[in-house]
Amino acid sequence: AQHIDEFTVLFYDGHAALSAAMVGDTSCLQTMLENLGEYLKSDRGGWNKIVTSQHGTDLIQGMLAMSAGEYGEAADKLLSSISGVMKKIHGSKSQKSIFLLTTVYCCILSKQEKHLLGAEQKLKRIYGMEWSDNPSTTSSTTLGQNSTGPFK
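If you read the sequence shown in the numbering used here, its first letter stands for residue 650, the second for the next number, and so on.
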């Protein structure tokens, strides 16, 4: 990734981290985490610093874990930060939804029930959909756990 000299804005750096994660550039992600840590220790202030201090580390660590194929860890980190990221960073829904979809992706690949439930909750919230034709089916069996769900 080109942009790793210093941490600037969570919106931009989050997208750069996703790009690095998708190509497996863990060195870039480590550098981004170091820069993020320096930014958080700096005297800089403002809205971005508040948002970054609340959600930035988990977002970038989640991308690093995803890059390493550690989908359970990635899902934990991303689930803990995604609501704040979606509400607080600037950008359009389209520009921010890639973070939500990445979170869902990691949740599904982790294959852990708590993550599958988290993915389903996030998707329902965005799309207002049910994944099961049977309303009595519990959510733990509707996403990734049985042959009727969309994520077999």
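All C-beta atoms in this analysis are idealised placements derived from N, C-alpha and C, irrespective of residue type, glycine included.
Just so we're clear, the structure is a prediction, and the values are computed from it rather than from any experiment.
Considering Cα atoms alone, identify which of the options is closest to residue i.
i	options	result
Ser746	Gln761, Gln679, Leu772	Leu772
Cys755	Glu687, Ala724, Tyr776, Val734	Ala724
Lys726	Asp707, Val734, Lys742	Asp707
Met681	Ile709, Gly767, Arg774	Ile709
Val753	Glu769, Gly740, Ser743, Ser741	Glu769
Met735	Thr701, Glu762, Ser716, Leu689	Thr701
Glu719	Lys742, Gly733, Leu758	Leu758
Classify residue i as helix, strand or coil using the three-state DSSP reduction.
i	result
Glu722	helix
Gly663	helix
Ile738	coil
Ala669	helix
Phe656	coil
Lys771	helix
Ser691	coil
Trp780	Note on Trp780: pLDDT 48, under 50, position unreliable in the model; the coordinate value appears next. Three-state DSSP puts Trp780 in coil, outside helix and strand.
Tyr710	The residue you asked about is not Tyr; residue 710 is Gln in the sequence shown. In the structure shown, Gln710 sits in a helix (DSSP, three-state: H, G or I).
Gln761	coil
Ser702	helix
Can you tell me the Cβ-Cβ gap for residue i and residue j, rounded? I've got them flagged as a contact below 8 Å.
i	j	result
Leu685	Gly705	6 Å
Asn697	Val672	About 26 Å; that fails the 8 Å criterion.
His764	Gly721	7 Å
Leu678	Leu713	4 Å
Lys749	Ile731	One detail in the question is off: residue 749 reads as Leu in this sequence, not Lys. With 8 Å as the limit, Leu749 and Ile731 qualify as a contact, their Cβ atoms being about 6 Å apart.
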